[in-house]
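Asker: Got a structure for you, questions after.
Numbering (the numbering used here), first residue to last: 1193 to 1639.
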């Protein structure tokens, strides 16, 4: 898939769902007979409807096109009507297969379904959304694929349909079946090309959490990394999302970490494109975090590599130039704060600079000691000895300048934690914890 950094992503090819697991389920169900004649005898469908069904049943590709090209609207109306009035699961499965066959490689036929809203505002979405709520394994998956095609083709995507589809994808992203997770991510990749739905997803409860979690805790394959980050890339064309994405989810350190270890070029490509969006659309919100993870150094390294895709170097050089220009305007405290918020503390210069602490210690008191609370949390939860060492150092540096905070830190459990870390296996953790303890108990020296 070609990625282009433009304000609109309309030029991006339609990333419709292609999922082997769903294809295999479809193949297993396709040959099963459905008692259409019985439905006609029971007056559930008319003879005319039966004739139309028989004309397309078991037909695909060019054979199907010869039948439906002249009567597409009739078939769209028929299939949606059947979804509304028939209830047997095997029948619903077959109807969904017929609809998907009609749309396969002919996304333009989605307009046949969209035109149904002229006679009923609830159509075409309501029957398909009902399918999302089915307890059957196949029906919701197939319905999600169809809904994706229709939403992507709509000049004005339905907010209600997008909201329910996103509630469904959020649940599927937490599935134990990797094939289902893959399908849900593909749905998002496709639907996000519609600008109007991006804020809907962003504001859907737990939606972004589920997507981010795939990268942070699920050890995804390179292909899944690419697909999830592709979603980030499209979402960050929205300025509000670009402003908030890293603040809420701390994705910049994760993206850089993935890029550094990535083998597949396309993974690096989509990461660089996402970072470029963050710089272009929300520099003030993202530059400090990029400085904290030494992104400029990484782009300098990337600019010396040979790439099969020339656009990667173009984006790398753009990003490098922007970082060089804008990093000069960042204050030392902004970089420190970004590092602290990321939770990835390293021995960067501010931590041991008396000048830095004398000038900036009051910043840690703001917003009810928000940054000091983060240091306390890192002391309790971090496993990395470097993070523990730096956090202990910073606690000591802060208390030396604000002795009145000792009681507050004791209430947070910091004093007790520092005492525990004095017995830590790592020598640097022990050293910095002992120094911090001197500040906490009233001493003034350093070991």
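C-beta atoms are modelled at their ideal positions from N, C-alpha and C, and glycine is treated no differently. These numbers come from a predicted model, not from an experiment.
Tell me which same chain residues have a C-beta within less than 7 Å of the C-beta of residue 1494, skipping the five on either side of it?
Answerer: These residues qualify, in order along the chain: 1508.
Asker: What does the Cβ neighbour count give for residue 1362, buried or exposed, with the cut at 16 atoms within 10 Å?
Answerer: Buried, by the Cβ-count rule.
Asker: Nearest-angstrom Cα distance between residue 1439 and residue 1359?
Answerer: Rounded to whole angstroms, residue 1439 to residue 1359 spans 23 Å at the Cα level.
Asker: Mapping the DSSP letters down to three states, classify residue 1535 as helix, strand or coil.
Answerer: It is coil, neither helix nor strand.
Asker: How far does the alpha helix (DSSP H) with residue 1523 in it extend, from its first residue to its last?
Answerer: Unbroken run through residue 1523: none, as it is neither H nor E.
Asker: On the DSSP letters alone, give me the boundaries of the alpha helix (DSSP H) that residue 1519 sits inside.
Answerer: Run containing residue 1519: 1502–1519, per the alpha helix (DSSP H) assignment.
Asker: In its own chain, which residues sit with a C-beta less than 7 Å from the C-beta of residue 1315, not counting the 5 before and 5 after it?
Answerer: Answer for residue 1315: 1272, 1308 and 1309, listed in chain order.
Asker: If you count every other CB in all the chains shown that lies within 10 Å of the CB of residue 1248, and 16 or more means buried, which is it?
Answerer: Its Cβ being crowded by 16 or more others within 10 Å, residue 1248 is buried.
Asker: Counting pairs of beta carbons, one from the stretch 1232–1240 and one from the stretch 1290–1306, are three or more of them closer than 8 Å?
Answerer: Too few Cβ pairs lie closer than 8 Å, so no.
Asker: Here's a check: name, in chain order, each residue in its chain whose Cβ is nearer than 6 Å to the Cβ of residue 1504, leaving out the five neighbours to either side.
Answerer: Here the set comprises 1461.
Asker: Since I believe residue 1303 is in contact with residue 1208 (beta carbons under 8 Å), could you give me their beta-carbon distance rounded to a whole number of angstroms?
Answerer: Incorrect: roughly 16 Å between the Cβ atoms, too far for contact.
Asker: How is residue 1496 classed by DSSP in three states: helix, strand or coil?
Answerer: Note: residue 1496 maps to coil in three-state DSSP.
Asker: Could you compute how far the alpha carbon of residue 1133 sits from the alpha carbon of residue 1212?
Answerer: Lying outside 1193 to 1639, the shown extent of the chain, residue 1133 is not represented and no answer is given.
Asker: Could you give the distance in angstroms between the alpha-carbon of residue 1617 and the alpha-carbon of residue 1559?
Answerer: So the two alpha carbons sit approximately 35 Å from each other.
Asker: So, at 8 Å on beta carbons, what are the nonlocal neighbours of residue 1232 in its own chain, with the 5 sequence-adjacent residues on each side left out?
Answerer: Around residue 1232: 1238, 1239, 1241 and 1242.
Asker: If you compare alpha carbons, which of 1351, 1384 and 1491 is closest to residue 1313?
Answerer: Ranking 1351, 1384 and 1491 by Cα distance to residue 1313 puts 1351 first.
Asker: Quick one: using the 10 Å Cβ neighbour count with 16 as the cut-off for buried, is residue 1530 buried or exposed?
Answerer: Residue 1530 should be labelled buried.
Asker: Tell me where the alpha helix (DSSP H) around residue 1230 begins and ends.
Answerer: First-last of the alpha helix (DSSP H) with residue 1230: 1228–1233.
Asker: For a quick check, are the C-beta atoms of residue 1278 and residue 1336 less than 9 Å apart?
Answerer: For residue 1278 and residue 1336, no; Cβs fall outside 9 Å.
Asker: Can you tell me the Cα-Cα spacing of residue 1469 and residue 1596, whole angstroms?
Answerer: Residue 1469 and residue 1596: Cα-Cα distance of roughly 44 Å.
Asker: Excluding sequence positions up to five away, which residues of its chain have a Cβ less than 7 Å from the Cβ of residue 1226?
Answerer: Here the set comprises 1282, 1283 and 1286.
Asker: So residue 1569 is in the alpha helix (DSSP H); what residue range does that whole segment cover?
Answerer: Segment 1558–1573, the alpha helix (DSSP H) holding residue 1569.
Asker: Where do the ends of the alpha helix (DSSP H) carrying residue 1553 lie?
Answerer: Careful: residue 1553 lies outside any alpha helix (DSSP H) and carries neither H nor E.
Asker: With a 10 Å radius around its C-beta and 16 neighbouring C-beta atoms as the bar for buried, classify residue 1602 as buried or exposed.
Answerer: Burial call: exposed.
Asker: Between 1423, 1318, 1532 and 1456, which has its C-alpha nearest residue 1413's C-alpha?
Answerer: Selected option, being the one with the closest Cα: 1456.
Asker: Apart from the five residues on each side of it in sequence, which residues of its chain come closer than 7 Å, Cβ to Cβ, to residue 1270?
Answerer: Contacts found: 1241 and 1244.
Asker: Please classify residue 1386 as buried or exposed, where buried requires at least 16 other C-beta atoms within 10 Å of its C-beta.
Answerer: So residue 1386 ends up on the buried side.
Asker: Specify the secondary structure class of residue 1269 as computed by DSSP and reduced to three states.
Answerer: In the structure shown, residue 1269 sits in a helix (DSSP, three-state: H, G or I).
Asker: Given a threshold of 16 other Cβ atoms within 10 Å of its Cβ, counted over all protein chains shown, does residue 1588 qualify as buried or as exposed?
Answerer: Buried, because 16 or more other Cβ atoms sit within 10 Å of the Cβ of residue 1588.
Asker: In chain order, which alpha helix (DSSP H) runs of at least 4 residues are fully inside the stretch 1311–1349?
Answerer: You should have 1317–1324 and 1331–1345.
Asker: Are there 16 or more other CB atoms within 10 angstroms of the CB of residue 1203, so buried, or fewer, so exposed?
Answerer: Because the pLDDT of residue 1203 is 42, which lies under 50, any placement of that residue in the model is unreliable, and the number read from its coordinates should be weighed accordingly. Result: exposed.
Asker: Which ranges would you report for the alpha helix (DSSP H) in the stretch 1416–1497 if only whole runs of at least 4 residues count?
Answerer: Correct list: 1431–1441, 1443–1453, 1457–1473, 1475–1484 and 1487–1494.
Asker: Residue 1252 by DSSP, collapsed to three states: which one?
Answerer: It is coil, neither helix nor strand.
Asker: My output table needs one value for residue 1237: the three-state DSSP class, helix, strand or coil.
Answerer: Reduced to three states, the DSSP call for residue 1237 is coil.
Asker: Could you have a look at residue 1395 and say whether DSSP puts it in helix, strand or coil?
Answerer: Coil at residue 1395, not helix or strand.
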